[in-house]
Amino acid sequence: MRRSWVIISSCCISTLMIFFAGCANAAVEARAAEAMAAGRARPIDKALMDAVTASEDIKVTALLKRGADPNAKDGHMETPLHSAAWNGNTRIAALLIENGADVNVKNSSGDTPLHLAAYYGKTGVMLILIEKGAGVDAKSDLDETALHRAAMQGKSEAAKILVENGADVNARSKLKFLEKLKAKVKGKGKEGGHTPLYYAEQKKSETIVQFLKEHGAKR
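Next up, the structure:
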């Protein structure tokens with residue numbers, strides 16, 4: 020009986036040790052996430068972000084080999100891949116993804132790297148992101164997709180790439196505060212927001228307007 024009790028006690032102690040170790044690791048990860056969200060990333064992670072922003076390919080490679088986190092976030096919850104996306108650096112974007120960067124990660128506005136690449140018309144990065152699994156219809160906090168972003172900036176090639184890869188041409192964004200008030204005054208408070216076609220028309224981008232209409236887009 021005593022021997023059985025010792026065995027049971029040992030098992031309990033081992034289980035507790037594993038449990039508390041897991042809690043400790045979770046706490047460390049949580050503190051790291053909080054620090055990065057507050058703009059207090061590790062020096063090596065900040066160096067990686069700076070190198071990506073400056074398009075320093077060799078430095079990015081070296082920092083990743085030294086253990087820099089490709090998913091570390093700055094004060095705006097942006098990762099190095101967000102930076103590579105708006106910067107249009109295909110080589111760095113591919114390098115980050117090869118080292119584990121999340122292609123669908125969102126910043127503080129709910130934008131994925133694809134949102135930013137589409138907004139700035141960085142088609143090379145867009146193709147890489149889509150090939151690696153980026154969601155073409157991922158929505159921001161305002162329910163805007165990458166196609167909304169391409170349309171509002173008049174980036175016709177970006178819009179074409181998205182549609183050809185299955186983007187929803189009739190996805191609707193949320194109405195902004197003032198738009199909601201106007202809609203209520205007009206008795207249209209229950210209507211949705213805007214489609215990419217609306218933004219293309221506002222931008223007066225005839226190329227995108229025509230292309231979207233050819234693919235069944237509605238206002």
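Okay, so the sequence shown: first residue is 20 according to our numbering, each after it adds one. Backbone N, C-alpha and C define an ideal beta-carbon position, used for all residues, glycine too.
- The Cβ atoms of phenylalanine 230 and alanine 178 lie closer than 9 Å to each other.
- Annotation for leucine 115: Pro89, Pro99, Leu100, Ala103 place their beta carbon closer than 7 Å to its own, counting only its chain and skipping 5 residues before and after.
- Straight-line measurement puts the Cα of proline 132 at about 10 Å from the Cα of glycine 154.
- Within the same chain, Cβ atoms closer than 8 Å to the Cβ of valine 122 are found at Leu100, Ile116, Thr131, Pro132, Leu133, Leu148, Lys151, Gly152, Ala153, the five residues on either side in sequence being excluded.
- Under the DSSP assignment, serine 159 falls outside any alpha helix (DSSP H); it carries neither an H nor an E label.
- DSSP, read as helix, strand or coil, puts leucine 148 in helix.
- In this structure, the alpha-carbon of arginine 191 lies about 6 Å from that of glycine 211.
- With a 10 Å radius around the Cβ and a threshold of 16 neighbouring Cβ atoms, glutamate 233 comes out exposed.
- Taking each of Lys92, Leu146, Ile77 in turn and checking the Cα distance to methionine 68, the smallest one comes out for Lys92.
- The Cβ neighbour count for aspartate 160, taken over all protein chains shown within 10 Å, is under 16; the residue is labelled exposed.
- Threonine 72 has its alpha-carbon roughly 14 Å from the corresponding atom of isoleucine 63.
- The Cβ-Cβ distance between glycine 94 and tyrosine 139 does not fall below 9 Å.
- Residue nearest to alanine 113 within the set Pro215, His167, Val144 is Val144 (criterion: CA-CA distance).
- For lysine 222, the closest C-alpha among the options Ala236, Gly173, Lys78 is that of Gly173.
- DSSP places serine 175 inside the alpha helix (DSSP H), whose first and last residues are 175 to 183.
- Exclusion of the five residues before and after leucine 181 leaves Ala137, Val155, Ala165, Leu166, Ala169 as the residues of its chain whose Cβ lies within less than 7 Å of its Cβ.
- Taking glycine 119 as the centre and dropping the five residues before and after it, the same chain places the C-beta of Pro89 closer than 6 Å to its C-beta, in chain order.
- In the same chain as threonine 226, and ignoring 5 residues on each side of it, the C-beta atoms closer than 7 Å to its own belong to Ser175, in chain order.
- Residue range 225 to 233 is occupied by the alpha helix (DSSP H) that includes glutamate 233.
- Taking the CA atoms as reference points, lysine 141 sits about 19 Å from tyrosine 218.
- At least 9 Å separates the beta-carbon of tryptophan 105 from that of leucine 146.
- Around the beta-carbon of isoleucine 111, 16 or more other beta-carbon atoms lie within 10 Å, marking it buried.
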